[in-house]
Structure formats: structure tokens, C-alpha cells
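Residues -20 to -1, 1 to 744 in mature numbering (1 follows the signal peptide of the UniProt record, and there is no 0) are what the sequence shown lists, from first letter to last.
Have a look at the structure below before the remarks.
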Amino acid sequence: MPRSYTLLLALLAFSLAARAQSGGRFGFEYQPVAKVVHGTDTLRNAWAGGLNTPQFSTIDLNNDGQLDLFAFDHESSRAHTFLSVAAPGTPAGRRWQYAPQYETLFPADLEGWALLRDYDCDNRPDLFTYAGNGGIRIFRNVLAAGQPSFQLTANEIRFSGNFAGTANLVVGGYNLPAIQDVNGDGKLDIMTYDFAGSSFIEQYLNTSPGTCGNALTFTIATDNWGGIQACGGCSEYQFNGQPCFTARRPNHTGGHSLLLVDLDGDGDQDLLDGRDNCPELTRLLNQGTTAAPVVAQAGISSQFPSAATPVRVPVFPAGYSFDANFDGRPDLVVAPNMVSNLADQVSLKNSVQLFENGPGGPPTFTYRPAGFLQSEMIDVSEGAAPTFGDLNGDGLPDMLIGNHADRVNNVYRASLSYYRNAGTRTRPVFQLVSSDYLGLAALGMQGLKPVLVDLNRDGALDLAYASFYQGVNLIYFVLNTAAAGQPAALNIANRVSFKPQGPATTGVLPYTKGDMPCFTDVDGDGYVDLLIGTNEVREPGMALRYFRNRGRGALDSAFVLVDNDFGRIREATGARPFNLSATVADFDGDGLADLVTADATGLLRLFSNYRAQSTIFSERTDVVYNPANGQFELARLGKGTYAHYGLAAADLNGDGAPELLVGTQAGGIISYGTRNRVLTATRAEAARALALSIYPNPATATATVETAMPTRLTVLDLTGRVVQNGTASLRRHSLNLAGLAAGVYLVRVVGTDGATAVQRLAVQ
């Protein structure tokens, strides 16, 4: 018996024994499932999920004395956490490592903006964030069991000034304030553009008694910092009602992001100003004093930090000052800060920029083309949707990733990225081969959601995909003309769209932007059916719709509506979930297919053995295991109108268990392994009565399946896809394994009384 399969079967047996002893719950756990290589670079945080609009702050997450990293994504309201870990052999001896177990330390309802700043002088940064009324909420960082915990201190900040009483300090969710010590008294002050017009810079000084400022009382020092007013264009300002001046074309702007840095070493704080719809970070030098700031036209530059390499991000830059490269000096990291990319339609690949600070004196920033963190991840700009299958005929699962879109050569369009699996069955290595597989970018689509699936039951994987073009979303398929086990032969010119069945309002396929197809055999008849996650409102129905494959006639007309509200899936409030994506596999190891969904709430929902469930499916949402506290928790994928996810399931590392892969709105992928799988057949007594036997196992070309009584047989892969289906009830079945990729399959037999047994078959 080959050593790899001996080891696999031993691991399965050990896992079963461990499960029986521990009684642990089933769930998912973050695992970097494979190496990912771009050119000659191995991505160090490949499966971290990508970045679009991160807001960076530092914090010691694991209480080891090292500053770690918190990044809050403005667009999807998702928290990212990275540890500073030792990395021998690197220039600084340290690196950033994605550590999602700390993300749930932060409040779940963050939105708009979130910055960590220490206001109570205990050397633990506290959390300042957007409040729903446009103000500022504050959470105090209290150490608990060696980890940060955030306790709400204030729902709003109030300030006093040259008027009677106090008022709410209003920033809004679009302006990003500077929360720093402006006047050198050790207390955190606040600077922001005015909420009403985003024209004047307001400065609020912390006037709390004592030396720390933890009473959080503020007084407005000026509502016109530097005597300067922002006009309507990028890098466009005016002084005291004088005409506006600009180095760039006029362009109406909205929000601002502010960062205070002493750029010229004169002891006062200068300002870096980022603006919506603009790519540059404008420098505003304070040529006065801390108490009486003065900005002159000569101190304003849109070419910061240098004319040769100025800051240029796709839109609305925001600057963050911290030691990004572990050399002890604060660097400058710049990232987009817009709410969404719906109107701007810019590229969000390689959009997080790094400017390293030089040694000594005032800061000198040097641009680093590799950027910060983003280049260490799978990142296809936005709206990643993965799928897996053997494309080159070597028996290993390869990876395709569709995206919502990316701007390339000034064209905003979707494409497929192809990663060939250059590793082994147990040690996958995904090597980027093409960012435009099959040339789909030329079609000018958006919202590309691919699925590799055998549609015509010839043993070869075909390509199906949903895409949006000129106001309509359609689902297409391209049949693979190669034989099973051979490199895929897919010609995009031969694509065909699935046809709606019946007149309008009676069963038409959804055609809304972002529709997410999932092909799986729902009714167990050996034909893949179609589940569609959709926001469709023109056709009756809700978030998940089931179209059955009739198994006859033309393939493009094979799918007919069975249930337009499959599973009756709802949010906790009873509302319809939006942006729903689904995938199906035997995740928990009981031999029966499970359904997993994600939607705009950022939750993963697990519906175990969904085929056996009633009209209203029963769900679990606490399905992500957190090794930091030993608990199963809700997924924290991000939330909001712009949060879209693409789900896929595949056994990538040959351990007999499918991984769950989640494509994010930020253009990356998060990989989850399974924890506490059952690894046994269901209905144990009935299964034992069937006396299911498979030999040889592992097998190569053929295998024999025997049972104590006549049974019908089905062979499935670990995603629940039927690869063989018997038509007769027999006590002995002969399996022809030619054309099946090497791996682990499930052999399911069903007796005439409904008794079921499942056993694994390893195919070499």
C-alpha cells in the first residue's frame, strides 16, 4: 500500500478516536491551506483575505511586548489583526503574520472609521470610532486574561467653546479625524474637517484636568486651523476669501482624512490631507506655532513626499504613521478610504503604499514599490470568487478566482486568475499562471463568479460562470471538449447562457448583478442542480433559489424552478439576507451533504445534512473555532451593503476533508479547515446491517462494492458532487475508476428500506 494512503487512513482512524474521546463540536478553523507563489515570491499571508480600504493602528494583541497591527476596513467594516512575529533571516528579524483569532476582541458593530489611541496613559491604546449620530464613540482598553478587551466609555464626545453650554463633537463617518497630541501636553486632541461642508479644519484641544486627559473634556481652539479653507478641487485651497488656487484640475470633493506629523522638524505638527475623489496626499506645513498655526501657499504641496515619487493611490488617500518595517522609526502607510468603489471604479490591487522613513532628523520618506501587506496576499482587486478543479490533467486541484472587476489599461472589467497546483496531493502549492485565463477580460463583464463542474456527466470539468454586462446578469457555461483526466479544453467563444424556463414571474432564472451560482446534486438523482444566491426582486422569491436539473433535453434549458425560497433563510431580525453565496460539501464527515452560506451580515451559516431538513432549515452560526479562547464564535467577515463573498469547497491537502474557501469583497481569500469532523457513517445500526465492503481500497483502475442486501450506489467527491451513479439495486457493484483524479471519494449505498452506509474510497 502506498505510504501516503497508509498515512491518510491512519489519520482518519486517529481522528475518529480523538473525536469519540473529546466529544468536541464540529466547526471551521482558519488554516493557511497551501503555499501561494507569484513569480518567485511565496506570499507570506496568502489567505488573509485581501485589503481594500484599511485604516491602520498598532496594539499589543498577545501581551508579548511587541506592537501588533489592527486594520479596520472602511468599505466592509471588517477588522483584520496581524501579529509581529520573529522572522530569522529577514532584514529586520520580524514580519507581520495574519492572526484572525484576535479580530473578535473588537466590537462587532464598528463602522465608518476606527483608530486606536491611548487616552488614559496606561500604555494600552483605546478605541475611537464613528458613532451613528456622526459623533465619536470611545472604548477603553482593559486587559483581561492577558488580552485587550474594549469597554464602552462614551457614546459621544462633547466640547465647549465661545458659546453657551456644550455641543456634540461631530465628525461623520466619511471624514477620518486626526486623534493625536497637538500641543505637546500629553493629552489626545482632535482635528477634523467641519462636518457640514468639509471646508474648514477644526481643532479641539483636550482640556481634561491633570496630565493625562482621561476625563475626555474638549474645547474648540479654532474652527479655521491655519487660516485655510478647502475649495472644490484636489489640492485646491483659499485664504481669507481670496481666489482658490490649485495644482490640479477642479473636481468636487467630499470627505477628508487627516494625519499630523512634524514633517520639517520645527517642533509643531504639520498636516497631511487626503480628499475623496483625489489620488494625492497634500502636505500642509505649519509655518507658525502650535498655538497659532499658519499655512502659506508655499507650504502646500500635492507632490508629497517628493516630485519623483509622490503619494498616488486610486482615490481618497489616508495616511497612517507607525513602524511598518520594524526598524524603530515611524513610516508612512497610505491606503484608500472611500466607502465603496461603485462610482470611482478604480483598481484596488497594490493600492496600499509604503513610504519608509530614513534615519535621524525630520522624516524622509522613500517609496517602496512592493507596498504594504497587500502584495503578500491573494488579491484580485475586489469581489473574489474562487473555484477548484484539475485543469491541467495532473490529478491535482487547481484554482480559478473570478473578481467583481479591476481597472487595467483604463478599462474596468472582470477576469479569471488561474493558479496551477504545482505541489503534491498532500502539499499543494498554487502558482499564478495567468490573471486573465481564457481572455474573459476582453468581454468587458463585471461580477464574474466561476464554478468548475461536470455539467454533461462525461467525467470532465466544465466551466460555468455568472457575469454582469450591460444591465443584465446571466449564467453561462463552456463545455470541456477534452477527455476526462486530460488538460481542459475550454473555448470561451463557445459559451452558452442558461435559458429562463417559463414566462416571467413563473420560474425565470434570476438576472441581478452579483448572482452567485452553486451547482450541486440537491435531489440525489446524479444530475447537478443549481442553487442561486440572489438579490432578485423582479421575480418572486427570496435569497436562495433551487432550480432542478431535469436530466433531459438541451443543457441550456435543463434547469427548472422548484423552490424560490430554498431553506427559508433569514437574518436574525427575520429580514432577507442580501448578497448570499452558497456552497455544498460533506464538511462534518457524516457522509451527508451540508450547506454553508455567507451574506452581507458577514456570518457563515451551516445547515447540516440540508437534504433531510424541513422547509425551514435549521442553522448554526457559531461555527468558527477561535484557538485564542477555545470557543466557537460567529464569523467576522465584514458586513454592509458592499460586502460580497464567494464560497467554494475542495479537499486541497488530500486529508479527506474539504476546506472551506471564502472569497472576500477585498479581493482575497480566507481558508478554513474543519475541526472535529464526525468521520463515521450515519445511522450506525442500519449501516452495519448493510455490511458495506469496498476492495481493493486504495484502488487504481477498478474497485468492487459489496453489501449484505441489494443497494443502489452513488460515488461522490468530497464537495458532494456525484461522479458515478448506479441505476440498479445490486449486492455487488463493479466500479470503473478510469478518469477519476487521485484522491478520496465517498461511496454511498442505500438499501430498499432506506438504510444508508457511507465509506471512503481512496483512488490512486
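Don't be surprised by glycine CBs; every beta carbon is placed ideally from N, CA and C.
A quick note: this is a predicted structure, and the numbers were derived from the prediction, not measured.
Query: Straight-line Cα distance separating Gly145 from Glu551; Result: 43 Å
Query: Rounded straight-line distance, which links the Cα of Ala646 to that of Ala463; Result: 37 Å
Query: Own chain residues within Cβ distance below 7 Å of Ala147, not counting five before or after; Result: Arg138, Phe139
Query: Beta-carbon proximity list for Thr563, same chain, < 7 Å, skipping 5 on both sides; Result: Cys498, Val576, Leu627, Ala628, Ala629
Query: Minimum C-alpha distance to Pro638 - residue among Glu599, Thr644, Asp574; Result: Asp574
Query: Coarse secondary structure for Phe567, derived from DSSP in three states; Result: coil
Query: contact_flag[the region 389 to 396, the region 427 to 440] where n(CB pairs < 8 Å) is 3 or more; Result: yes
Query: At least 3 beta-carbon pairs within less than 8 Å: the region 266 to 281 vs the region 243 to 254; Result: yes
Query: Straight-line Cα distance separating Thr691 from Ala735; Result: 9 Å
Query: Status (buried if at least 16 other CB within 10 Å, exposed otherwise) for Ser355; Result: buried
Query: Distance between Ser651 and Asn716 (C-alpha atoms, nearest Å); Result: 33 Å
Query: Proximal residues to Gly653 (C-beta, below 6 Å), its chain only, five neighbours per side dropped; Result: Glu9, Gln11, Glu639
Query: Identified DSSP bridge partners for Pro430; Result: Tyr445
Query: Three-state secondary structure (DSSP) of Asn81; Result: Checking the sequence shown, residue 81 turns out to be Gln, not Asn. It is helical.
Query: Segment contact flag, the region 98 to 105 with the region 182 to 195, C-beta cutoff 8 Å, min 3 pairs; Result: yes
Query: Local conformation of Tyr701 per DSSP, three classes; Result: Checking the sequence, you will find Arg at residue 701 rather than Tyr. Arg701 falls in the coil class under three-state DSSP.
Query: Beta-carbon contacts of Leu726 that lie in its chain and below 8 Å, excluding the five residues immediately before and after; Result: Asp566, Gly571, Val695, Leu696, Asp697, Leu698, Val738, Gln739, Arg740, Leu741
Query: Inter-residue spacing [alpha-carbon to alpha-carbon] between Gly92 and Ser320; Result: 12 Å
Query: Beta-carbon gap between Tyr456 and Tyr449 smaller than 8 Å; Result: no
Query: Cβ pair count under 8 Å reaching 3, the region 334 to 341 against the region 35 to 51; Result: no
Query: Bounding residues of the beta strand (DSSP E) (the contiguous stretch that carries His236); Result: 236 to 241
Query: Element boundaries [beta strand (DSSP E), containing Lys15]; Result: 15 to 18
Query: Cβ shell of Ser537 (< 7 Å), same chain only, five flanking positions each side left out; Result: Lys479, Gln481
Query: Buried or exposed by the 16-neighbour rule on C-beta atoms within 10 Å, applied to Tyr184; Result: buried
Query: Cβ-Cβ separation, Ile674 to Ala688 (assumed contact under 8 Å), whole Å; Result: About 14 Å; that fails the 8 Å criterion.
Query: Beta-carbon proximity list for Pro(-19), same chain, < 6 Å, skipping 5 on both sides; Result: In this prediction, Pro(-19) scores a pLDDT of 40, lower than 50, which makes its location untrustworthy; no coordinate-derived value is stated.
Query: Leu535 (DSSP reduced to helix, strand or coil); Result: helix
Query: Sufficient close CB pairs (3 or more, under 8 Å) joining the region 20 to 35 to the region 50 to 68; Result: yes
Query: Length-filtered (4 minimum) alpha helix (DSSP H) runs lying within the region 612 to 694; Result: 664 to 670
Query: Cα-Cα separation between Gly279 and Thr262, rounded to whole angstroms; Result: 10 Å
Query: Within 8 Å, strictly: CB atoms of Asp174 and Leu168; Result: no
Query: Straight-line gap, Asn231 to Cys214 (C-alpha atoms, nearest Å); Result: Note that Asn231 scores 43 on pLDDT, short of 50, meaning its location in the model is unreliable; the coordinates nonetheless yield the value given after this. In a straight line, the C-alpha of Asn231 is about 6 Å away from that of Cys214.
Query: Option in Arg24, Ala210, Ser598, Leu470 with minimal Cα separation from Tyr78; Result: Arg24
Query: Reduced DSSP category for Leu334 - H, G, I as helix; E, B as strand; rest coil; Result: strand
Query: Strand pairing of Ser301, partner residues [DSSP]; Result: Leu312
Query: Residue from Thr644, Ala365, Asp246, Lys329 whose Cα sits closest to the Cα of Phe352; Result: Lys329
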